[in-house]
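Protein chains in written order, with the numbering used here: chain P, 1 to 249; chain V, 250 to 545; chain Y, 546 to 918.
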């Protein structure tokens, strides 16, 4: 079943046309990759889904109902949770408070407690640091927290924007393993990444974005056979993970 | 020694009020980047509440509670009417808007009530002293001390234990992310103004309790104090605001007690000179939590 | 664009100060012809306030920062002017606390040199404090200027030797009349316009849009803010001296929040982005206030004489004018933040040249993405 369907999406920032007619779909239970270089429009696509950026034209639908024009707070209530670029955890709140706020839309207190126990069991490091300010966590731990926080609302779809950005190579591998684990738990994931090699290792399908357009789409195998494309747009793979934070597309 | 005990009690009492004043300002600033000049008029609203409700035969404590509620409601209404429409403009525009709102409310009070100070009904407790040994303490100081601590405790629980409280603190860190977690922006902002109004209301009880009078510009001095305390503590930190308030309380009482009058006349000038200095040299305030320094 | 078109365009641009000065001239002329003493006072005060609004525009309009500290320099300008313009005999009455052996006590200069020196004193203070202030941005800047207003106010209230403290300085001769005020206001309009169109003004406004981009082009925004600030201070100090010799008696209480608010309201209502905005804002607010004040007086007379209408009005009308001004200002901020002129300059009507309209009081800092929206 198709959860997210984007059709002919155009977004402009002032004079800059960031997206020029992007269409994509995300089906239930899939990991869909959105890849491309900086400035290709990957993050813009994601921010449009989240209601942070308003498209100039085009359709964004979730289970057949439109998301365009909805404020950011309404999107999560539909069942789409974001893991934003740069983690965006709340540094002055404790780890536990970050997690509880992730369940701000959940009214059932026992459910919140259940989920809190579940995800802190899943991420033991968070359980150890439950009462510490989140700002004191390391980059990798903050990424775990950002993911766990998103899961606290029991979303159907996770939108992940550059989760590997700024992390040490060992942690990057761990994040990608985590994404696969989440899919195996039944989560649907739209993954925006610059780390193309590792993304192609885990996704079901991927869209290759270039200057605001979908350049190519298909399974990882199909994309890999287009070796030229990979060399032309994607550079050396693992190197991109050292890109400075905040330099996302 | 006795002088010292008296000093500490008055300073703690004054510092508690100053802390509440600063908190009411900072809680809104942290979220909206609005330095709310009209915060003083919330204190004025509570003051006139004391005056008007005080004319009824209700017991004073009920009058006080109604006045605090009046300030709280005024805070929420102020946001809805004046600040929501300009919410997405610059901090400068917001500040100028609040300056206009402040003038508007003062002049409405001037027009509809009176330009002259009025004395609301206050309990006798407010003017009585208690003597323990050779220490004479104003009862109102003790009450203010206790009430400010209770108000701080209530606020702490609210900010730590409720989702709205968590959202308020989170929004000060990152408003967009807070909204992305499904928290409604309007509710967060309205709550911030409600807290601000609540603080103003509590402050009003004792601020007006001290002077015994309420007039249209009664909120000016508290708002100036709140500026100083929150700049000292760093405009973005709630803990800083509390600390800034207490430091200022001790400083004010200290200067008043031990400095000659001639020098004291320049107290405000020196204080605001320090404000400029802190803003220029240490804009993050004198105190700033370690984790924030790392995160930004 | 042909040379002819381009010179026509620049001519039309130059028409702005000419039109503004002409409007002021016509107002002054009408006032003179009416011969109504009260109205003449109103217009003279309006022109001095207009000078202040223009002074504020020089800084706020070009830098995009809000200042609440203008009246600190009006204070300094007013007192410093009378230090020089009064004779020793006059000082004995006006400033009785000034020690007779002071050098200052014996000084006496003409009106214009005194006003200029007064403005110069304010400028020196402004230039010094400005070095610190221009490092700040946004709300911090405004709070710092406000803090400075309080500092100057408290010092003026205490420093009896030079200000007579909180007591009113009296017995100042009236040198400022309608035409004097008009002359200085007109000069301020021209100076503000020249500054705005100068390379420095243009760069400053460009840096307001994007300070980082401007810095990469070698533009030192802080330095340019400082220049704008100092020019603004000079004009404000000037207004202080003129006002002192118009009103003839004053104390530090005359230079505080109420006054600050009025000038800020004039500028915001007119539109901070343009000199025309400052001029029209000042005229609109001054004339409306005067008209409202007349209504206020009429109503209060009705009340005190207990006419039928008077008995229907529940309270003495005090602060009514301020309420209307504040409501007007808030409405403008909400509905049309760039002010009535929309941040544009008035130009000689002709097709073609259209100014881009600024969308906010301070375009540069506006809306950081979604934020609270």
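Beta carbons are placed, not taken as given, at the ideal position from N, Cα and C, and that holds for glycine.
Distance check between residue 714 of chain Y and each of Y:572, Y:635, Y:853 and Y:566 places Y:635 closest, using alpha-carbon atoms only. Within the same chain, 664 and 668 come within 6 angstroms of residue 779 of chain Y by CB-CB distance, once the 5 residues on both sides are set aside. Remark: C-beta atoms of residue 684 of chain Y and residue 356 of chain V do not approach each other more closely than 9 angstroms. Around residue 418 of chain V, the beta-carbon contacts reaching into chain P at under 8 angstroms are 90, 92, 93 and 97.
Counting only the Cα atoms, residue 426 of chain V lies some 21 angstroms from residue 175 of chain P. Secondary structure note for residue 17 of chain P: its beta strand (DSSP E) is the uninterrupted segment 16–27.
Spatial neighbours of residue 207 of chain P in its own chain (CB-CB distance under 6 angstroms, excluding positions within 5 residues in sequence) are listed in chain order as 24, 34, 214 and 217. For residue 73 of chain P, a Cβ of chain V is located within less than 9 angstroms of the residue's own Cβ. In the three-state DSSP reduction, residue 123 of chain P falls in the coil class, being neither helix nor strand. Within a 10 Å sphere around the beta-carbon of residue 826 of chain Y sit 16 or more other beta-carbons, which makes this residue buried.
Taking residue 740 of chain Y as the centre and dropping the five residues before and after it, the same chain places the C-beta of 603, 607, 746, 773 and 776 closer than 8 angstroms to its C-beta, in chain order. For the segment 283–300 of chain V, the set of residues with a beta-carbon nearer than 7 angstroms to any beta-carbon of chain P is empty. Annotated as distal: residue 614 of chain Y and residue 342 of chain V, with beta-carbon spacing of 9 angstroms or more. No Cβ of chain P is located within less than 9 angstroms of the beta carbon of residue 517 of chain V.
Chain P has a Cβ within less than 9 angstroms of the Cβ of residue 423 of chain V. For the 9 angstroms CB-CB criterion, residue 299 of chain V and residue 313 of chain V form a contact. Assigned with DSSP and collapsed to three states, residue 7 of chain P falls in strand.
Taking a cut-off of 8 angstroms for Cβ pairs, the segment 585–601 of chain Y and the segment 786–796 of chain Y touch, as three or more such pairs fall below it. Residue environment analysis places residue 771 of chain Y among the buried positions, since at least 16 neighbouring C-beta atoms fall within 10 angstroms of its C-beta. Distance from the CA atom of residue 52 of chain P to the CA atom of residue 99 of chain P, rounded to whole angstroms, is 22 angstroms.
Taking 9 angstroms as the cut-off, the beta carbon of residue 616 of chain Y is found closer than this to the beta carbon of residue 808 of chain Y. Here the segment 148–163 of chain P makes contact with the segment 80–99 of chain P; the two share three or more CB pairs at distances below 8 angstroms. Checking the DSSP bridge columns, you'll see residue 216 of chain P partnered with P:208.
Of all residues in the segment 687–700 of chain Y, the ones placed with a Cβ closer than 7 angstroms to any Cβ belonging to chain V are 687, 688, 689, 692, 693, 695, 696, 699 and 700, in chain order.
Close partners of residue 280 of chain V in chain P (Cβ separation under 7 angstroms) are lacking, with about 13 angstroms as the shortest Cβ gap. Using a Cβ-Cβ distance cut-off of 8 angstroms, the segment 633–651 of chain Y and the segment 686–706 of chain Y are in contact, since at least three pairs of beta carbons, one from each stretch, lie closer than that value. Membership of residue 139 of chain P in any beta strand (DSSP E) is not indicated; the residue belongs instead to the alpha helix (DSSP H) covering 139–151.
Burial is judged here by how many other beta carbons sit within 10 angstroms of a residue's own beta carbon; residue 113 of chain P has fewer than 16 and is exposed. A Cβ-Cβ distance of about 7 angstroms is found for the pair residue 415 of chain V and residue 93 of chain P, placing them in contact under the 8 angstroms criterion. With a threshold of 16 other beta carbon atoms within 10 Å, residue 359 of chain V meets it and is buried. Contact between the segment 651–661 of chain Y and the segment 806–823 of chain Y is not established, with fewer than three Cβ pairs separated by less than 8 angstroms. Out of Y:889, Y:666, Y:878 and Y:677, the CA that lies nearest to the CA of residue 767 of chain Y is found in Y:677. For residue 193 of chain P, the uninterrupted beta strand (DSSP E) run begins and ends at 188–193, by DSSP. Taking a C-beta cut-off of 7 angstroms against chain V, the contacting residues of the segment 102–114 of chain P are 102, 104 and 105, listed in chain order. Nearest to residue 137 of chain P by alpha-carbon distance, out of P:122, P:87 and P:210, is P:87. Not a single C-beta of chain Y is nearer than 9 angstroms to the C-beta of residue 375 of chain V.
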